[in-house]
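Novice:
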Amino acid sequence: MDAASDPASATKVAVLRKRWLTCLGIGLVTAGFVIAVYLNPTDRLEQIARWNSVLVSPEYAFIGDSLTKSGGLWGWRLDRNPLRAINLAQNGAKTADIAIQAEKAAAYRPHRIVVMAGTNDADRAVEAIELHNTWRRLFSAAGTTPVIVFLPPRSSDPLLNDRLRAIDSVVRRAAAEANACLADFNDAIAPTGILESQYTTDGVHFTEMAYAVWVARLPEIARSCRG
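If you use the numbering used here, the sequence shown corresponds to residues 336 to 562, in order.
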């Protein structure tokens, strides 16, 4: 008697076929995911960190421009745990854009938000009142989450540095008003007021040596930043 003439056998075959197809589908999805992670591990692991943050609040949410974006997996940098932090920074972002990032960051319920902003605002003369109001929006968007603010780093361009110093003054005032935690590592990477060559790839963006300095400074300020 074949399966076609035996209802019980036909049912068993159908069940086995369904299980096989399900296993095949899971296998293909898993293989595709593994390949995607292999081809672009930073982006994929960052996405996993964001998914994980829906269930478990991350220690840090990083927001900012390309200097922060290029830091990649901050959780991995800090303690070899890519799920410990999420990175919402975007290339080319100005402080107004980063204020929007702050609202998104707060939605993940991180223990702390880490922000560095201002480099892209220095492309023109600083409008202090406008920039101050933008920082107020940023802090408001962060809600009750403690915010660690790193002052923008110096560059190798003296004119740009003059504007960055003007931005520093605005950031300091706004951070004090919001009771944010202020941090700076220009003393290490730009002790003379000019970003030293070993810390930059192009006069603005960071080398791994600069990121190492940033990572070393963060835990100390985080311990004292309780909001």
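Using N, Cα and C, we set each Cβ at its ideal position, and we do this for glycine too.
Val-449 by DSSP, collapsed to three states: which one?
Specialist: DSSP places Val-449 in strand when its eight states are reduced to three.
Novice: Which residue from Val-548, Asp-537, Ala-557 puts its Cα closest to that of Ser-401?
Specialist: The shortest C-alpha separation from Ser-401 is found at Asp-537.
Novice: State the Cα-Cα distance for the pair Leu-351 and Pro-417, rounded to the nearest angstrom.
Specialist: If you take the alpha carbons of Leu-351 and Pro-417, they lie about 39 Å apart.
Novice: Considering only the alpha carbon of each residue, which of Asp-378, Ala-551, Pro-526, Ser-504 lies closest to Leu-423?
Specialist: When each option's Cα is compared against that of Leu-423, the closest is Asp-378.
Novice: Find the nearest neighbour of Asn-441 within the set Tyr-534, Glu-512, Pro-488, Val-389, judged by alpha-carbon distance.
Specialist: Note that residue 441 is Ala in the sequence shown here, rather than Asn. Looking at the Cα atoms, Val-389 is the closest of the given residues.
Novice: If we count the other Cβ atoms within 10 Å of its Cβ and call it buried at 16 or more, is Cys-516 buried or exposed?
Specialist: Classification for Cys-516: buried.
Novice: Going by alpha carbons, who is nearest to Asn-455 out of Thr-469, Gly-427, Ala-477?
Specialist: For the residues Thr-469, Gly-427, Ala-477, the minimum Cα distance to Asn-455 belongs to Gly-427.
Novice: Classify Thr-535 as buried or exposed, calling it buried when 16 or more other Cβ atoms lie within 10 Å of its own Cβ.
Specialist: The residue is buried, with at least 16 neighbouring Cβ atoms inside 10 Å.
Novice: Quick check: the Cα distance between Glu-543 and Glu-462, rounded to an integer number of angstroms?
Specialist: If I take the Cα positions, the gap works out to 32 Å.
Novice: Between the stretch 490 to 501 and the stretch 523 to 534, do at least 3 Cβ pairs fall closer than 8 Å?
Specialist: With a cut-off of 8 Å, the stretch 523 to 534 and the stretch 490 to 501 count as touching, because enough Cβ pairs lie within range.
Novice: Only counting the same chain, and skipping five residues up and downstream in sequence, which positions put a Cβ closer than 7 Å to that of Pro-554?
Specialist: The answer is none, since no qualifying residue turns up.
Novice: Would you call Ala-460 buried or exposed, if buried means 16 or more other Cβ atoms sit within 10 Å of its Cβ?
Specialist: So Ala-460 ends up on the exposed side.
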